[in-house]
Every structure is written in structure tokens, then in C-alpha cells.
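Residue numbers (my numbering): 1 to 452.
Glycine included, each C-beta is placed from N, C-alpha and C at the ideal position.
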Amino acid sequence: MNAASFLVLLSVLNQASPYEGGSATVQEVPSEQTATGDSSFFFHLALEAGPLSLPSGTLGGGQDIFAQALPIARVERGDSFTLELGAPLRFRLIDAEPKQAAQDFSGHLRRQDWDTTSDYAQVLRLLSIGREKETVAYFYAGPLSTFQLGEGHLVDRYDNQLSPDYHPAGAVLEVNVGPTRVEVAASDILSPRLFAGELRLDIGQLASTKAENFERYYAVASVAHDFGKIGEESTESITAALLGGAAALYKGESLRLFAIGGAGSRVDVGSPDIGGFAGFSISNGDQSAVSISGRLEGRYQGGSFRFGLFGPSYELARYSSTGLHELPLAEERMDKNLAGFAELKIGTGSGAKEDLYMSASIAGEHFTTGRTDTDLTLSLQLPGARTLANARVIVVGIGTQPRYSVHAELRQRVLDWLYIWGAGGTVHFPQPDGSLAKGYTAGAGAGVDFNR
């Protein structure tokens, strides 16, 4: 045994992440095998268990106690194939009011974790085929935690795991052929939910054969549609489309600065409201030890449409756009307004066990109506690869009807084959009337693992 097994655990904490240019990938510290380019097989087995406290999910309900077991099996081949299977099994030990144990499978296994077709996809924790940005096609399936379609002007930092009773696996396919990049995504591979796609054309490569003109001018078309159906439950559908582009102001090995702009709208409403944005994106290239990138934009939007419509809190916003008892996002109508948006991403560390690994991102948008939305994510591995931490804070509706979603997790390796973990945060349960019931969850336990 060595620290490689603990490096693999970071992928458990962050199954999908944004990338510079826009598809989902697995946000993980590379295993030693991947870092060296080894094409042999790598196997990882783990089992973790511990107590978990989770609300009943009803307004005024109590706090239930569960015994949770999580078996994990993972196989890798080099950096072009990864498959990980496993799912948390929650057995109800203490059933507070209202009583729900009678509905559980065999009177103990929590029914809400397995009561829709989508929930069965949670067994697929990760499937990755190809190498992002290096192969013609790249495919990812599993949870999506901070997925961005392109630059994120329609689907931005989206999390499909935010609802505690809904456990889908999403999928993303990216294909790069000549000057064309096509990206398609589904938030749920087993139900008609959110589907999105983007076509990006490299105008420089279309118009010229000189390499210095490549990757300097882009035209982009995006569309996203949420059917809103999960089993017998449904919410209002939403469809949005966007046209945009980017032009390089400076493009060097250590710095890239682009001007970006575009327009978008809801296309499923009788009188579409059109919004526009303009701004800049910046990154410091791929060769730096510390990667830094960001966006700064001014936006005009309102009515039924705003940019980043399918955002980090969307799985809750489709019930209540902000707060706990507001209109669903599909029915929300904002006053016409100007908004400022900023996003910063920082990453450091190669993933080697002796390095400090850190990945952080923060995004915020302030509307002239007085509302502010923010999203902060942080992943940290201390040198020695024995301590991992992960946290996320999503706040929408600051200044109006705020809603906070918070999650934090810490993992500490004790022995080569043994680690302990603790996690906690907020949870929001959709109610039959469309409102949300807020609660808190916490858990802790231990895990054993094995590599070969």
C-alpha cells in the first residue's frame, strides 16, 4: 500500500469539475500510474462506513439516524480509461417523526435513495474514456458537481447532486475535429431531464492554414433544454439558446486574453426576453505551476432570461428560484437590469504525494436590482497525501430572499490501509407544494482500501 490509494479518494469528493474551455472532467489528483503515463491496469477497492444524520425531509420533521456503508471498486488503464462503481447504502436506525421506516426496503434501507429510475445510476460513480483536450473524443459519465457548458453562459457550474433524494449520473461527450468542437451533455442518463449542447468554430482555422491564426477567433452556438421529468414528478420545462464569440487580444505561452460577447434568450416563452453580455476571459497558459484563469463580464438581462440560467443551485431553483417559498425559476420574471459577473479559478500542484494540491474557484454576480449570487469551491490535499479537504458554499438571492447551500468534508489517512472521514452541511427537500424544506446533515466514519 502507498499514498496512491488516498489520491484516488479525491475523485470521490469531486466527481466533475469545470475546465478551461468547457467540458466536464474528473477533478482528482492523478494517481501515480497516471502521472507517469503507465498504460497498465490499476485496481482500487474501498469500503467505508459510519453513522449519518439526515432530516426526515418534511416541514417540521425530525432528524433520522442511519448507518451508512459505501463500497467502491475502481479500475484504471493509463490516463485514457477509468471506471468506478459504488453507491451509499443508508440503513435507518432511528426513525423520528414523521415515521418513514415502513416505506423503506426491508424496513431499513432508505427508500428515497432508490425510488426512481434515475437513482439506480448512482452506482456509476465515474466512467471516463479518452484524454480531455488530447484526443478526438472524450467521454465522461457520473455525478456532475461544477459542470460548465463552454464558458458557462447557459449551463454554469451546474450541480446535479444538490437534491438529497435525487442521485442521477450525468454524461458529457466532447468531439474535436479540425476547426469544430462539439460538446453535448445530459444531467441524467436515465430520465428526460436537462440536455445541453454547444458548437464552437475556430474561425482562424477555417479561414487560414497558418497555425499562428488558430485558436484566436471563435463563434459559438449553444442550446439547453430541461424536460423537468423525474419518474412521476415533473417541473416546468425551460429552453434557452445563445450565440456568442471570442477574439484573442493577446495570446502567448504564459498569458491569454480574450474579448468575449454574445446574446441569449429563453425560446420557450411567448415573448422572449433577449439578454446580452460583453467582457474578457484570461488564463496563464498550460505550462505554469500555478494555473489561474478568470472571467469579467457586464450583462444586460431580465424578464424570463438571465445568463447562467442553469447554474449551481438550479436543482433547487426549479422549485424555488431563491429562498424556500418563492416562484420556480421557470416562472420567475426579473426586472430588466444590468449585472456584473466575475469568476476566478486557481489550481496548484502536480498531484505527487509530496506536493500541496489546491483547486479553488469563486464566482459572483451582482444585479442592479440589489440581488447577489455567489459560488465558492475548494479542494485541498496537504503534502504527504494524508489529508484531504473539500468544501462548497452556494448562496443565491443575497439582498432579496437568500438561500444557502453549504457542504464540507475532511478525510485523514491514519494507516496505509485505513482512513477516517467526516462531512456535514445543509440539505433542501422539495415539498409537494413546490416549496423547499431546509435541514442539516452530518456524518463521520472510517474506511479501508486496497490497491493493486
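Within the same chain, and ignoring the five residues on either side of glutamate 97 in sequence, the residues whose Cβ sits closer than 8 Å to its Cβ are Ser56, Gly61, Gly62. In the assembly as shown, glutamate 354 is an exposed residue. Its beta-carbon has fewer than 16 other beta-carbons within 10 Å. Considering only Ala121, Tyr140, Ala87, Glu134, the residue with the shortest C-alpha distance to leucine 109 is Ala87. Here glutamine 205 is buried. Its C-beta has 16 or more other C-beta atoms within 10 Å. Judged by DSSP in its simplified three-state form, glutamine 431 adopts coil rather than helix or strand. It is roughly 29 Å from the alpha-carbon of serine 321 to the alpha-carbon of tyrosine 140. The three-state secondary structure of serine 118, taken from DSSP, is helix. At a Cβ-Cβ threshold of 8 Å, alanine 444 and tryptophan 421 count as neighbours. Cβ neighbours of arginine 256 within its own chain (closer than 6 Å, five residues either side excluded): Ser283. For leucine 154, the closest C-alpha among the options Ile203, Lys133, Ser222 is that of Ser222. Using a 10 angstroms sphere on the CB of leucine 162, the tally of other CB atoms reaches 16 or more, which defines it as buried. Serine 271 and alanine 263 have their C-alpha atoms roughly 16 Å apart. In the three-state scheme derived from DSSP, where H, G and I count as helix and E and B as strand, glutamate 332 is classed as coil. In terms of Cβ geometry, glutamate 343 and arginine 295 form a close pair [threshold 8 Å]. Linking valine 177 to glutamate 183 through their CA atoms gives a straight-line distance of about 12 Å.
With a cutoff of 8 Å on beta-carbon distance, aspartate 104 and histidine 167 are scored as not near each other. Nearest in C-alpha terms to histidine 44, of all of Ser53, Arg392, Glu315, Arg77, is Arg77.
Taking 8 Å as the cut-off, the beta carbon of leucine 410 is found no closer than this to the beta carbon of valine 448. Annotation note: the segment 73-118 contains the following uninterrupted beta strand (DSSP E) runs of length 3 or greater, listed N- to C-terminal: 81-86, 89-94. Residues of the same chain with a CB within less than 7 Å of the CB of tyrosine 300, apart from the 5 flanking positions on each side, are Gly275, Gly276, Leu338 in chain order. Annotation note: the segment 162-196 contains the following uninterrupted beta strand (DSSP E) runs of length 3 or greater, listed N- to C-terminal: 170-177, 180-186. Alanine 241 places its beta carbon 8 Å or farther from that of phenylalanine 258. Using a 10 angstroms sphere on the CB of tyrosine 217, the tally of other CB atoms reaches 16 or more, which defines it as buried.
Rounded to whole angstroms, alanine 391 and isoleucine 362 show a C-alpha spacing of 12 Å. In the structure shown, leucine 47 falls within a strand segment according to DSSP collapsed to helix, strand and coil. Per the coordinates, the alpha-carbon of aspartate 188 lies some 8 Å from the alpha-carbon of asparagine 160.
Counting along the chain, the unbroken alpha helix (DSSP H) around glutamate 315 starts and ends at 314-317. Annotation for proline 402: Thr322, Gly323, Val395, Val396 place their beta carbon closer than 8 Å to its own, counting only its chain and skipping 5 residues before and after.
Closest option to glutamate 48, judged by alpha-carbon separation, among Ser80, Asp273, Leu89: Leu89. With a beta-carbon spacing of about 6 Å, isoleucine 65 and proline 51 fall inside the 8 Å limit used to define contacts. With a cut-off of 8 Å on Cβ pairs, the segment 121-136 is not in contact with the segment 371-382, counting fewer than three such pairs.
Here the alpha carbon of serine 80 sits roughly 21 Å from the alpha carbon of glycine 349. Per DSSP, leucine 324 lies in no alpha helix (DSSP H) and is assigned neither H nor E.
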